[in-house]
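Chains as they are written, first to last, in the working numbering: chain F, 1 to 259; chain E, 1 to 259. Using N, Cα and C, we set each Cβ at its ideal position, and we do this for glycine too.
Number of protein chains: 2
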Amino acid sequence: MNKVVQSDGTVGKALEVLDAVASYGRPVRFSDVLADSPYPKATLYRFLQTLTNQKMLEYDDQTGTYSLGIRLMRLAHAAWRTASLAPIARPHIEALATQVGEAVHLAQLDDGQVLFVDKLRATDRFETLAQVGKVAPAYCTGVGKAMLAFVAPKRLQIALQQQSYFQYTKATHGSADSLNRELDQIRIDGVAFDREEHEQGINSIAAPILSHSGRVIGAISIASATNRFDADGLLQFKDALLETARNVGDEATSWQFPS
Amino acid sequence: MNKVVQSDGTVGKALEVLDAVASYGRPVRFSDVLADSPYPKATLYRFLQTLTNQKMLEYDDQTGTYSLGIRLMRLAHAAWRTASLAPIARPHIEALATQVGEAVHLAQLDDGQVLFVDKLRATDRFETLAQVGKVAPAYCTGVGKAMLAFVAPKRLQIALQQQSYFQYTKATHGSADSLNRELDQIRIDGVAFDREEHEQGINSIAAPILSHSGRVIGAISIASATNRFDADGLLQFKDALLETARNVGDEATSWQFPS
DNA sequence: GCGGGTGGTTTCATATAATGAAACAAAATC
DNA sequence: GATTTTGTTTCATTATATGAAACCACCCGC
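Here's what the structure looks like:
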């Protein structure tokens, strides 16, 4: 049923271990990792050693725990600069953020999930959870729905099945059906709303970024606290948002196909 | 002379390839990587395949190029949350940034280099190069010198040799000797200055963050454009800076040794 | 449309590295 | 001080990575 990962080689297994460590969200001891690892002690031990040598993990002598290494941050920074939309989109979303005076987020779709690659002007009052590298569900966020609405049908099928439909708030979609109906509407409107579906008190308006060939390459949202703007209030930003999304799409396309 | 990497196993080699791709700073074709890779075609090919499978790399069909994958950003976000000083330091440096109204940076030392793990309030006028995950030289930055001045002698020896002493500006230190003399002064003052040594027009004042055991765990700097504050002008922030650094150190220590 | 170069992919016997059971060591815990 | 838990090392076996070479496909000039 699931992807037949058929873990490609030693490297794949090592990265699996890395993910395992990451998934704890805190420093872990050897035995923690061992507990839910398919590998025998010795094998896992050597993986952890290797990863630590490579600075992908960091070992704390004092506590005997492993945590993620800083090499990852270096690599991710490089990834951000070269492989994400962020560098291209920065000037545009910066202008947008200044114009509307609200927080602006830039996200890409990754394996059915939303990955935030940039955020600007989060007012300090309400710190949304979004930060660069942070992932969020697609089915209950503005950027997520904006992207889902415009992906190719095949991908949409897959993506819909990857959603958990966990009920974050009262407004959260509980099924693919209900989500699908909204996606239809989004395709008509051109923008998506998050009406406190992921986080109580936060809503947003979002637009997809499309390449010239029509492929979804990301999304931009303007997010606000409900006590400042409700969904209808955010509607006033629609034109500016769409214009920004178009500009980013244009520029991204011309970068990818230089002539 | 250099580190005897003695590449640990297949995983090490694969990560080496990953670094190679990262080092280009742009999407690369197979033959680009092959050109300066010690590995034969077939081997390199399989590495790239594996890494792409694993989403550590991304392959663009259109252009036939590899770039860093999105999985790295997810991992790095997790690393940032669990392994860096940033989450602990955030509230403190946020308060400092608000108080002084200038950009505040948080950095850690990584293999003789400065790694920025957080930055706040970069005014949009002068965008310093610093961003999360970005690395910079230690010998010519405020945070770098603040940390070097307080590391253990052994580590300092190693670190001093890892510096390039590239002359970024007229004020850049050109040798370990001249740097060492300044470090002596920094140990007395408790704070370090960057007087346009890395970037023309930017200077900063920085303080190390020390654990209770006296180990350097990071540094904080306040950076400004020279036309707003010269080094003497930044001196007014010394007390606030030192206080913040102390608070962060205290809190970090108590997290690491909970009782 | 034809030759030939460049850039990328696959094959396969061989060498190398990963594997994991089990023994071992070192702390914690009783 | 005995016992359990947790972490580390050994070593014969097995699986995996390796890389030379063959192969394929596409582009480019003619």
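Residue of the options minimising C-alpha distance to residue i
| i | options | result |
| --- | --- | --- |
| F:SER67 | F:TRP80, F:LEU51, F:ARG74 | F:LEU51 |
| E:ARG46 | F:MET56, F:ASN203, F:GLY12, F:ASP61 | F:GLY12 |
| F:ARG181 | F:ALA245, F:ASP232, F:LEU148 | F:LEU148 |
| F:VAL191 | F:GLN200, F:LEU210, F:GLY201, F:ASP177 | F:LEU210 |
| F:LEU85 | F:ILE70, F:ASP60, F:LEU115 | F:LEU115 |
| E:LEU160 | E:ALA42, E:LEU48, E:GLY249, E:LEU109 | E:LEU109 |
| F:HIS287 | F:GLY101, F:VAL132, F:ALA89, F:PRO208 | The requested residue 287 of chain F does not occur in the structure, where chain F is confined to residues 1 to 259. |
| E:ALA225 | E:ARG90, E:GLY144, E:GLU197, E:ILE70 | E:GLU197 |
| E:CYS140 | E:ALA152, E:ASN203, E:ILE93, E:ALA89 | E:ASN203 |
| E:SER221 | E:MET56, E:ASP232, E:PHE229, E:PRO208 | E:PRO208 |
| F:GLY201 | F:LYS55, F:ARG71, F:ALA223, F:LEU57 | F:ALA223 |
| E:ILE205 | E:GLY233, E:GLU16, E:LEU44, E:ILE188 | E:GLY233 |
| E:ASN247 | E:LEU57, E:ARG90, E:GLY25 | E:ARG90 |
| F:LEU57 | F:VAL100, F:ALA42, F:PRO27 | F:PRO27 |
| E:VAL17 | F:GLN54, F:ARG187, F:GLN49, F:LEU34 | F:GLN54 |
| F:ASP216 | F:ASN227, F:ALA146, F:GLN163, F:ALA231 | Looking at the sequence provided, one finds Val at residue 216 of chain F rather than Asp. Ranking F:ASN227, F:ALA146, F:GLN163, F:ALA231 by Cα distance to F:VAL216 puts F:ALA146 first. |
| E:GLY218 | E:LEU106, E:ASP177, E:ILE70, E:ARG187 | E:LEU106 |
| F:ILE188 | F:SER175, F:PHE150, F:THR169 | F:PHE150 |
| F:VAL117 | F:GLN99, F:GLY142, F:ALA83, F:THR98 | F:ALA83 |
| E:PRO38 | E:ALA14, E:GLN99, E:ILE186 | E:ALA14 |
| F:ILE186 | F:ALA22, F:VAL33, F:GLY142, F:THR43 | F:GLY142 |
Coarse secondary structure for residue i, derived from DSSP in three states
| i | result |
| --- | --- |
| E:LEU109 | strand |
| E:PHE116 | strand |
| F:LEU210 | strand |
| F:SER254 | helix |
| E:SER221 | strand |
| E:VAL132 | coil |
| F:LEU68 | strand |
| E:PHE126 | Bear in mind that a pLDDT of 49 at E:PHE126, under 50, signals an unreliable position, so the number given afterwards is only what the model happens to contain. Correct three-state label for E:PHE126: coil. |
| F:TRP80 | helix |
| E:PRO91 | helix |
| F:ALA103 | strand |
Straight-line Cα distance separating residue j from residue i
| i | j | result |
| --- | --- | --- |
| F:ARG155 | F:GLN167 | 23 Å |
| E:ARG125 | E:PRO87 | The pLDDT assigned to E:ARG125 is 47, lower than 50, so where the model puts this residue is not dependable; a value taken from the coordinates is nonetheless given after this. The alpha-carbon atoms of E:ARG125 and E:PRO87 are separated by roughly 27 Å. |
| F:VAL135 | F:MET73 | 16 Å |
| E:ARG195 | F:LEU241 | 41 Å |
| F:GLN236 | E:ARG121 | 28 Å |
| E:THR253 | F:GLY249 | 46 Å |
| E:THR63 | E:PRO40 | 23 Å |
| E:TYR165 | E:LEU179 | 9 Å |
| F:ALA138 | F:ALA103 | 19 Å |
| F:SER213 | E:THR172 | 48 Å |
| F:ASP36 | F:PHE30 | 11 Å |
| F:ALA152 | E:PHE193 | 54 Å |
| F:ILE158 | F:GLN113 | 11 Å |
| F:LYS238 | F:GLU251 | 20 Å |
| F:LEU129 | E:ASP184 | Since pLDDT at F:LEU129 reaches only 49, below the 50 mark, its modelled position is unreliable, and no value is offered. |
| F:ASP177 | F:GLY144 | 16 Å |
| F:ILE93 | E:GLU199 | 26 Å |
| E:ARG71 | F:GLY69 | 15 Å |
| E:GLY9 | E:ALA97 | 45 Å |
| F:GLN163 | F:ASP19 | 20 Å |
Residue i: CB within 7 Å of a non-hydrogen atom of the ligand PLP
| i | result |
| --- | --- |
| F:GLU251 | Absence of the ligand PLP from the depicted structure is noted, as is the absence of any ligand whatsoever, leaving it without description. |
Can you check the region 29 to 64 of chain E for any beta strand (DSSP E) of at least 3 residues that lies completely inside it and give the ranges in chain order? 57 to 60
Could you list the residues in the region 219 to 248 of chain E with a C-beta less than 9 Å from some C-beta on chain F, going in chain order? none
Would you list, in sequence order, the uninterrupted beta strand (DSSP E) runs of no fewer than 3 residues that lie entirely inside the region 146 to 218 of chain F? 192 to 195, 202 to 210
Members of the region 138 to 161 of chain E that neighbour chain F once the beta carbon cut-off is set at 9 Å: none
Residues in the region 166 to 198 of chain E having any Cβ partner in chain F nearer than 7 Å: none
Residues in the region 79 to 93 of chain E with C-beta within 9 Å of chain F's C-beta atoms, listed in sequence order? ALA79, TRP80, ARG81, THR82, ALA83, SER84
What residues from the region 22 to 37 of chain E come within 7 Å of chain F, judged by C-beta to C-beta, listed N to C? ALA22, GLY25, ARG26, PRO27
For the region 36 to 55 of chain E, which residues have a beta carbon sitting closer than 9 Å to at least one beta carbon of chain F? ARG46, PHE47, GLN49, THR50, LEU51, ASN53, GLN54, LYS55
Identify each residue in the region 63 to 74 of chain F for which the Cβ-Cβ distance to at least one residue of chain E is less than 9 Å, and report them in chain order. THR63, SER67, LEU68, GLY69, ILE70, ARG71, LEU72, MET73, ARG74
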